[in-house]
Structures are given as structure tokens and as C-alpha cells.
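Written out below as C-alpha cells is the structure these notes cover.
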């Protein structure tokens with residue numbers, strides 16, 4: 004978060020580039036990098052709201068304005084007057100998603116925003132576990148009903164309890180609702196959600212339907228988001244992370260040029276100080292390997308190193324993280340599925356485990372360690388585990404918490420049903436391609452295509468296609484087959 008800057012850096016020194024939805028074309032991304040370079044910046048940072056941050060020695064507002072108007076991108080160097088829109092687009096085709104959500108759905112919704120929000124807006128798929136659901140003021144979460152979204156409102160900046168809208172809101176009315184809330188909200192004041200919603204419904208022509216069932220929070224493990232991985236389409240995605248969140252300008256420039264030469268359409272930013280390039284053709288993998296090798300980019304970090312949310316440019320948090328990673332790396336500890344936050348000032352939390360700094364003017368800081376209910380980072384309630392311990396005591400505490408996490412794991416954490424007794428029925432439901440009659444059996448998955456056993460058909464990404472004839476997902480129909 005921007006409010007947690009190191010003491011030597013003022014908000015006014017920091018330029019924030021709003022990458023709407025965390026989605027940028029390589030061409031636009033390259034222009035941003037070139038502007039940063041012209042302003043004598045040698046590296047950039049990524050923010051937790053999928054924005055780009057850099058601190059030039061001297062800010063040239065005319066240059067920023069000229070460039071970013073040309074690529075229809077807004078910026079802020081006056082603190083936090085405006086906010087970026089966060090989406091889960093980055094997770095699409097990388098991990099399972101809600102069946103009706105596709106790339107064009109996100110784009111259409113984002114295109115309806117003809118203004119830069121002042122409130123934090125999240126537009127999130129609950130089937131994925133990479134992008135947190137509730138870190139905004141206005142949090143729109145996809146429902147099972149195609150085209151409709153839940154709305155959860157954080158009425159105070161760091162409130163744990165969220166107000167849940169009684170209706171589901173249609174895709175293309177999301178921007179209208181945000182604009183109406185902003186018009187009725189006084190900055191710095193509590194949002195009276197119920198009152199504002201009644202005003203919105205009575206004054207706006209929007210499409211809503213009654214909510215019939217509560218939102219089910221995602222329960223799967225946090226995904227591994229670094230390195231080269233195969234997509235269901237047969238192409239590849241590449242996740243890139245640097246431990247100090249300082250991405251060098253020369254590397255980023257050459258990366259954008261490679262994207263342009265190999266017809267990569269999008270660069271997408273995660274909330275984890277990293278970014279993902281999708282759609283890499285297998286014949287171009289060698290080009291990417293050469294690029295990474297040229298700049299010495301390591302894509303083999305462990306989850307112990309990767310899964311941290313740190314305040315931007317906060318030296319205390321970075322130093323503590325580095326200490327903990329070094330200490331834990333010498334121990335027998337697994338952190339796959341867990342995420343960590345170091346909290347130095349008030350912030351909206353979205354990790355499994357929180358290490359909270361307690362400042363002291365007379366001695367070294369002490370720390371509280373908390374964990375989310377069920378270790379689910381989308382649960383707003385955090386449970387204290389230990390209080391006021393010295394830095395040296397944190398590593399064994401994290402090991403103890405990791406043991407507790409794995410002891411409590413069950414199939415619900417992976418969206419896999421518990422084994423069921425066999426029914427008398429002699430048939431089983433499968434999905435058949437109408438073009439070549441190939442079968443997709445949920446219980447078997449498609450291991451050769453990277454789809455594990457017990458993956459529901461509805462959780463396959465919209466880009467899924469028949470491995471035999473390349474027919475689209477829409478060409479599969481559910482049929483009954485004799486049970487073996």
C-alpha cells in the first residue's frame with residue numbers, strides 16, 4: 004500500500020500509473036517504461052493494487068500527462084486521490100475460473116469505466132485464489148448466475164465486517180454503481196451502504212436480481228505464480244518475480260520488445276509484486292530463455308520466498324522478510340499454500356499469516372503473529388496466535404503455524420468432493436465433444452493436458468479446447484455413459 008513508504012520518500016515523490024484491471028498491452032507498457040527512463044528512473048515497482056510505481060528525481064507533469072493521455076492511462080503523483088481498479092484477469096487461463104467468465108467479460112466491464120475511481124474497486128472471480136476478493140471499498144465478486152455479481156462494501160477503511168448488497172448486479176451496470184457510490188460518499192467518512200444502495204436503486208436504471216444463495220469463498224491453495232507453465236490451449240505463460248520488487252528498466256524494455264516481436268497481446272500484473280506474460284508459443288520459448296539468461300533472471304524461487312505481501316518501499320518490512328526467509332530456509336518447513344504479510348501500519352490484510360510490528364521507542368520492536376480463519380486469506384477475521392515476541396522467536400512460531408495449517412487440511416481446501424458411496428446407478432455423467440466424440444471425465448481429468456483428476460468441467464478455463472480436434476469448450480455436452 005502506498006501509505007507505507009519509507010521515511011525518506013514522500014507520497015509526492017512517487018508516480019503511480021493506473022493499469023486498469025492489471026492489464027496492459029506490451030506497447031503501452033513499453034511507453035510507460037520509456038517515460039520512466041526519460042525521467043532518470045532505473046527501476047520500477049509493482050503495487051498491491053496492480054499499479055506501476057516509480058520515484059523520479061524530478062517529476063515532469065507535462066511529460067507524464069502527454070504520454071499517458073496518448074495511451075489512455077491515468078497517473079497520480081498527489082498521494083492517493085485516485086485508485087486503480089483491481090481484477091482477477093491475471094488468473095484467467097492460469098488457474099481454474101468461474102465457467103462464464105472470459106477475457107472479453109473483463110474488458111467489457113472495464114470499458115464502461117469512463118472515469119478514474121476514487122474508491123478502491125475490486126472485480127474478482129471467486130473460483131481463483133491468486134487475487135484477493137475483498138481488498139477494495141467496493142468488491143464485486145462473480146456469482147454462479149452468468150453476468151451477475153455480488154457486491155461487498157467495506158464501510159470503513161480497515162473494517163473487518165463487510166456490508167453485503169441484497170441484490171446481484173449485472174456486468175455492465177458495475178461502473179454506474181461505483182459512480183453513484185462515489186457521488187454520495189464523503190472522503191474520510193464511513194460509507195452508509197444501506198442508505199446509499201436505496202438511493203442507487205431508486206435513481207439509476209440498473210439491472211439487478213435477487214440473491215438466492217450466499218457466496219462460497221474459495222478454499223483452494225495459493226497458486227505458484229512464477230516460471231514457465233503450459234496453458235490448456237497448448238501455449239505457455241511466464242510468471243516473473245524479483246525479491247526486492249525493483250524491476251530494472253533495460254530488462255523490461257527488452258521484454259516488451261520480445262512480446263511485440265512474438266505477438267504477445269497482454270502483460271498482466273498480480274497483486275504480489277510480480278507480473279505474468281500469457282500466450283507464449285512453444286517455438287518462442289528459447290527466445291524467452293535467452294532473455295532471462297541475459298539478465299540473470301531466476302524463475303525458481305520457492306513458495307517460502309514468493310508468497311509475501313509487503314508494503315511498498317518499506318525497509319523495515321523488507322529487512323524482516325529477508326531475515327525470516329534466511330532463517331526458515333535452514334529449517335524443515337513447507338509453506339506451499341500459505342501466504343504472509345508484514346504489517347507495519349494499518350492496511351487491509353489478505354494473507355494467511357500476519358506478522359504485525361509493535362513499535363517501541365526504548366527497545367527493539369516486538370511482533371504479534373496472527374492467522375486467518377481456516378488460513379483462508381479472504382476471511383476478514385484474523386486470530387491472534389502469539390503476542391509481543393522478539394524477532395528471533397518468529398521463525399519457530401511460523402513453523403508451528405505451518406504444521407497447524409497442514410494438520411487442518413482436508414479435501415475442501417482443494418475443491419475436491421469427499422469420496423462418496425457408489426450408487427446403484429450403472430451410468431456416470433461425462434462431457435463429450437460434439438465434433439470428434441472425445442470424452443472428458445471429471446474423475447479422470449486430462450493429466451497429459453495438465454488437468455488433474457476430480458477437476459469439474461465448469462472449473463475448466465474458457466480457453467479449454469478438445470485435445471483431439473481443438474473444438475472449443477462450448478462444443479462439449481453432458482451425456483450419461485455406462486459405469487465401468
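Residue numbers (the numbering used here): 4 to 487. All C-beta atoms in this analysis are idealised placements derived from N, C-alpha and C, irrespective of residue type, glycine included.
Within the same chain, 360, 361 and 362 come within 7 Å of residue 368 by CB-CB distance, once the 5 residues on both sides are set aside. Rounded to whole angstroms, the Cβ separation of residue 170 and residue 228 is 34 Å, and the two are not in contact under 8 Å. Straight-line measurement puts the Cα of residue 211 at about 14 Å from the Cα of residue 144.
With contacts defined as CB atoms closer than 8 Å, residue 134 and residue 78 fail to qualify as a contacting pair.
Annotation: the continuous alpha helix (DSSP H) that includes residue 184 extends over 177–187. If you ignore the 5 residues before and after residue 371, its C-beta comes within less than 6 Å of the C-beta of 359 and 390, all in its own chain and listed in chain order. Bounds of the beta strand (DSSP E) holding residue 125 are 124–127. DSSP, read as helix, strand or coil, puts residue 237 in coil.
Unbroken beta strand (DSSP E) stretches of 3 residues or longer found wholly inside the region 88–146: 88–90, 124–127 and 141–145, given in chain order.
Our two residues, residue 383 and residue 375, have alpha carbons roughly 7 Å apart in a direct line.
In this structure, residue 342 places its C-beta atom within 8 Å of the C-beta atom of residue 310. DSSP places residue 371 inside the beta strand (DSSP E), whose first and last residues are 369–375. In the DSSP assignment, residue 79 falls within the unbroken beta strand (DSSP E) covering 77–79.
With a cut-off of 8 Å on Cβ pairs, the region 46–56 is not in contact with the region 285–299, counting fewer than three such pairs.
Scanning 282, 104 and 128 for the CA closest to the CA of residue 91 turns up 128. In the DSSP annotation of this structure, residue 477 is not part of any alpha helix (DSSP H), being labelled neither H nor E.
Counted as a single uninterrupted DSSP element, the beta strand (DSSP E) harbouring residue 359 occupies residues 356–361. Assignment of residue 387 by DSSP, reduced to helix, strand and coil, places it in the strand class. Taking the Cα of residue 395 as reference, the smallest distance to any Cα among 324, 179, 99 and 354 is reached at 324. One Cα belongs to residue 122, the other to residue 401, and the distance between them is close to 34 Å. Under DSSP, residue 154 shares a beta bridge with 143. For residue 346, the enclosing beta strand (DSSP E) has its first and last residue at 343–346.
Following the DSSP letters along the chain, one finds residue 202 inside the alpha helix (DSSP H) bounded by residues 196–206. Out of 245, 285, 204 and 270, the CA that lies nearest to the CA of residue 239 is found in 285. Put simply, the backbone Cα of residue 461 is about 7 Å away from that of residue 101.
When DSSP states are grouped into helix, strand and coil, residue 25 belongs to the helix group. In the structure shown, residue 55 adopts extended strand secondary structure according to DSSP, grouped into three states. The Cβ atoms of residue 346 and residue 357 sit closer than 8 Å to each other. Under the rule that a run must span 3 or more residues, the beta strand (DSSP E) segments found entirely inside the region 251–315 read 270–272 and 277–283. Residue pairing by DSSP places residue 435 opposite 442 and 480 in a beta bridge. By DSSP's assignment, residue 329 forms no beta bridge with any residue. Excluding five sequence positions before and after residue 193, the CB atoms of its chain that fall closer than 6 Å to its own CB belong to 158 and 159, given in chain order. Residue 437 sits exposed, since fewer than 16 C-beta atoms from the chains shown fall within 10 Å of its C-beta. With fewer than three CB-CB distances shorter than 8 Å, the region 193–204 does not count as touching the region 107–118.
Looking only at 435, 449, 281 and 243, the smallest Cα-Cα distance to residue 106 is reached by 281. When the beta-carbon positions are compared, residue 354 and residue 221 stay at least 8 Å from each other.
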